[in-house]
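Asks:
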Amino acid sequence: MSTVSVRDVTVAFEAVQVFDGLSLDIQEGEFIVLLGPSGCGKSTLLNAIAGLLDVAEGQIWINGKNVTWEEPKDRGIAMVFQSYALYPRMNVRENMSFGLKMAKTPRPEIEKRVAKAAELLQITPLLDRRPDQLSGGQRQRVAIGRALVRDAAVFLFDEPLSNLDAKLRNELRVEIKRLHARLGKTTMVYVTHDQIEAMTLADRIVVMKEQKIQQIGTPDEIYHRPANLFVAGFVGSPQMNFVKGRIENTGEGLSFLSGNRRLSLSGYPFVTAPSSGQDVVLGVRPEHLEISSTGIWPGFTVDIVEPMGADTVIWCSDALGSAQVRTSGSRRPTPGESLTLHVDPSQVSLFAADSGERL
Amino acid sequence: MSAAVMPQGRRPRHLTIGRIGVYAFLATAALFFLLPLWIMVVTSLKPMEEIRLGNILALPAAMTFEAWTKAWSSACTGLECNGISVGFWNSVRILIPSVILSIIAGAINGYALSFWRVKGANVMFGVLLLGAFIPYQVFLYPLVRIFSLTGIYNSLTCIVLVHVIFGLPTMTLLFRNYYAGLPIELFKAARIDGGGFWSIFFRVILPMSTPILVVATILQVTGIWNDFIFGLTFAGRENLPMTVQLNNIVNSTQGERAYNVDMAATMLAALVPLVVYFVSGRWFVRGIAAGAVKG
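Each protein sequence line maps, in turn, to chains A and B.
Okay, so the first sequence: first residue is 1 according to the UniProt record's numbering, each after it adds one.
Okay, so the second sequence: first residue is 1 according to the UniProt record's numbering, each after it adds one.
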């Protein structure tokens, strides 16, 4: 049974239609990340699930109940916001117990739950401080604590780490993951534009663009088998290399052809059978390009070398275009050096040039 | 010891001719605006004999507070001679409920308009603002008719109601703009926490509104205290505010015109807004700034 089910939902802001019949099913205990660039509608979707936004058509189900017209508080959800949204005139304890007070929870119960959440998040010493006396990381911890005390079945996160610096972001990311594991059956829906957060946290990622879901899949599926050119380009850093070319049927099976380059596709798992002569785009992750003297693609010249510590990114090009190669950190070619690259046909992705869909 | 690194070139001079000119202008302007106040203060402290001599700028030779006590308690406003104190208490009675009610109404309006996004909110707000630009005089006669039909004309209720109604556009605008600057996520968080319209307003939004409440109070206190035409038209004989009483004192003198009493009465009437400015000027600036910067 799914905990959250978005069924054919349409959201409209005055005349502008944001979603046109969007559906999504989220399983119990799942960690779902909505990933996409700004303005792709991921936050709108989250707000619709939370009930902070009226849907024009369709239904939203949470925990087997149609909550399309329920108030946010009656949906069994808790939410964490990017700007923390702590009540500035209340101390941490009051912030965390506000929701319970509104729900007329008995006082001992409130104290018990606040103490438990505070301990879980290690904010017990901060309980009597006001939000303006806390650092960004502490504030976000309190915001998570405020969500925690609600004992909700579904947690909604709206870019919770975007306001934090890189180090804190990593720390809290791990903490959120740990929290999810510890809470067990709590479903989490997490909005972000940060692919690292998406890859590391998610059980399944929902990639969105222009108010449409592009692909739903595990981080592995999204990374290794992107459904279309957008997903392939959006996920992964440095970006996937794209080479334009066409499919040809030679004597020994299908091949990818670009200029004088050739790549046998006999081992490629086609989703849809291509036609011979079809225009396609070949996608190769930088780490799947190998520098090898016995490679199949000779004639690249090194442009720039970016050492990143653990690995090195080499920007190289030839007459047809440029490519990025990720190699081990110890390998440091000099600019101007010529390279031969090797491609493993089982690791590539092929997209139709016209529709951008995976072949 | 290493040589100190010095900035190169001549140090810029702080006192230039332009600067002197600016100061001279500012001083003149300050004098220009202070002069009437000076004349009022010295005149109110002089006995009539001294005033007749005509040296209006001179310090009083025989300083007396007689004019002040007379203005407060025994100057004649028409037939009665109880001074301006009657008007003072009338004004206080009008002021307190009017200020409180109009601020509450404006705050709730602004809160509803900026957070709850009621259908047609923008149209409603537009109409409300339009009201602020129509001259008051246009409303006088229709309002008099409406109030006399409903039977509350010439009463304290009537004048308070008028002040609340006419304060609504400015107060709503003030609070709406302030609330528009608060992060909307705060409101969303409160809704998820189960807050309703009133509980979010009183527990979350209102505690954050101190700066704008102070600004609103200053605006309303000075505005309502200085009002003349509404008080004259709607308050009724029993409740005439201080401004109307002041006018009566100044204009209904028989025989010799008691300039010192007039001056003292005028300053007594201006005292409340003056005190408000002195006490809360700091807050006033802070409130205006707080509207601009996200807290």
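For each residue, glycine too, the CB sits at the ideal point set by N, CA and C.
#1: Flag this pair as touching only if the region 330-337 of chain A and the region 290-305 of chain A have three or more C-beta atom pairs under 8 Å; answer yes or no.
#2: Which residues mark the beginning and the end of the alpha helix (DSSP H) in which R262 (chain A) is found?
#3: Is there a C-beta anywhere in chain A that falls below 7 Å from the one on E185 (chain B)?
#4: Report the option in B:V160, B:L168, B:T28, B:I20 whose CA atom is closest to the CA atom of L130 (chain B).
#5: Work out the CA separation of I224 (chain B) and V261 (chain B) for me, nearest whole Å.
#6: With the cut-off set at 7 Å, would you say I249 (chain B) and A67 (chain B) are in Cβ contact?
#7: What is the DSSP secondary structure of T250 (chain A), counted as helix, strand or coil?
#8: Can you find a CB in chain B that lies within less than 7 Å of the CB of L46 (chain A)?
#9: Could you compute how far the alpha carbon of Y23 (chain B) sits from the alpha carbon of W283 (chain B)?
#10: Can you list, in chain order, the residues of its chain with a C-beta nearer than 6 Å to that of F230 (chain B)? Leave out the 5 residues immediately preceding and following it.
#11: Would H180 (chain A) be called buried (16 or more neighbouring beta carbons within 10 Å of its own) or exposed?
#12: Whose C-beta lies closer than 7 Å to the C-beta of A286 (chain A) among residues of the same chain, with five residues either side of it excluded?
#13: Show which residues of chain A have a CB atom less than 7 Å away from the CB atom of V204 (chain B).
#14: At the level of alpha carbons, what is the spacing between F187 (chain B) and T187 (chain A)?
#15: Look at the alpha carbon of A290 (chain B) and the alpha carbon of T150 (chain B), and state the distance between them as a whole number of angstroms.
#16: Check the DSSP bridge columns for Y190 (chain A) and list the partner residues they point to.
#17: Quick check on the DSSP output: what are the complete alpha helix (DSSP H) runs of length 4 or more inside the region 113-149 of chain A, in order along the chain?
#18: In this structure, how does DSSP classify residue 365 (chain A) when only helix, strand and coil are distinguished?
#19: Of the choices B:E185, B:W38, B:H14, B:P241, whose alpha-carbon is the least far from that of F115 (chain B)?
#20: Could you tell me which chain B residues have their CB closer than 7 Å to the CB of S83 (chain A), listed as they occur along the chain?
#21: Three or more C-beta pairs closer than 8 Å, one from the region 126-133 of chain A and one from the region 214-222 of chain B: is that the case here?
#22: Could you check whether L35 (chain A) and V207 (chain A) sit closer than 7 Å to each other, using their CB atoms as the reference points?
#23: Output the boundary residues of the alpha helix (DSSP H) element that contains M208 (chain A).
#24: Sort out for me which residues DSSP pairs A352 (chain A) with in a bridge.
#25: Please confirm whether F65 (chain B) and I159 (chain B) have their CB atoms less than 7 Å apart.
#26: Mind checking the region 92-104 of chain A against chain B and listing, in chain order, the residues whose C-beta falls within less than 7 Å of any C-beta there?
#27: So if I threshold CB-CB distances at 7 Å, which residues from the region 208-222 of chain B count as touching chain A?
#28: I'd like to check one pair, R176 (chain B) with residue 309 (chain B): are the Cβ atoms closer than 7 Å?
Replies: Walking through what the data contain:
#1: The region 330-337 of chain A makes contact with the region 290-305 of chain A, as at least three CB pairs between them are under 8 Å.
#2: First-last for R262 (chain A): 261-264, but that is the beta strand (DSSP E), not the alpha helix (DSSP H).
#3: So, interface residue.
#4: Across the set B:V160, B:L168, B:T28, B:I20, the C-alpha of B:L168 shows the shortest separation from the C-alpha of L130 (chain B).
#5: The straight-line gap from Cα to Cα measures roughly 24 Å.
#6: In this structure, A67 (chain B) does not lie closer than 7 Å to I249 (chain B) by Cβ.
#7: If DSSP states are grouped into helix, strand and coil, T250 (chain A) belongs with the strands.
#8: Using beta-carbon distances, L46 (chain A) does not count as an interface residue toward chain B, since no partner is under 7 Å.
#9: W283 (chain B) has its alpha-carbon roughly 27 Å from the corresponding atom of Y23 (chain B).
#10: Cβ neighbours of F230 (chain B) within its own chain (closer than 6 Å, five residues either side excluded): V162.
#11: Buried.
#12: The identity of residue 286 (chain A) in the sequence shown is Pro, whereas the question assumes Ala. Close CB contacts of P286 (chain A) within its chain, under the 7 Å cut and outside five residues either way in sequence, are with P238, N241, V313, Q324, V325, R326 (chain order).
#13: Simply Y87.
#14: Rounded to the nearest whole angstrom, the C-alpha separation of F187 (chain B) and T187 (chain A) is 24 Å.
#15: Residue placement at A290 (chain B) cannot be trusted, given a pLDDT of 49 that sits under 50; what the coordinates show is reported in the next sentence. Distance between the alpha carbons of A290 (chain B) and T150 (chain B) is about 42 Å.
#16: A:V33, A:F157.
#17: The qualifying runs are 136-148.
#18: Missing from the structure shown is residue 365 (chain A); chain A here goes from 1 to 359 and no further.
#19: When the alpha-carbon of F115 (chain B) is set against those of B:E185, B:W38, B:H14, B:P241, the nearest one is in B:E185.
#20: Within chain B, the residues near S83 (chain A) are P183, E185.
#21: No, because fewer than three Cβ pairs between the region 126-133 of chain A and the region 214-222 of chain B fall closer than 8 Å, the two stretches do not touch.
#22: Yes; because the gap between Cβ atoms is below 7 Å, this pair is in contact.
#23: Careful: M208 (chain A) lies outside any alpha helix (DSSP H), inside the beta strand (DSSP E) at 204-209.
#24: Its beta-bridge partners are A:V280.
#25: F65 (chain B) places its beta carbon 7 Å or farther from that of I159 (chain B).
#26: Across the region 92-104 of chain A, CB contacts with chain B closer than 7 Å involve F98, G99, M102, A103, in sequence order along the chain.
#27: Listed by position, the residues of the region 208-222 of chain B near chain A (Cβ gap below 7 Å) are M208.
#28: Residue coverage of chain B in this structure runs from 1 to 295, which leaves residue 309 (chain B) outside it and unanswerable.
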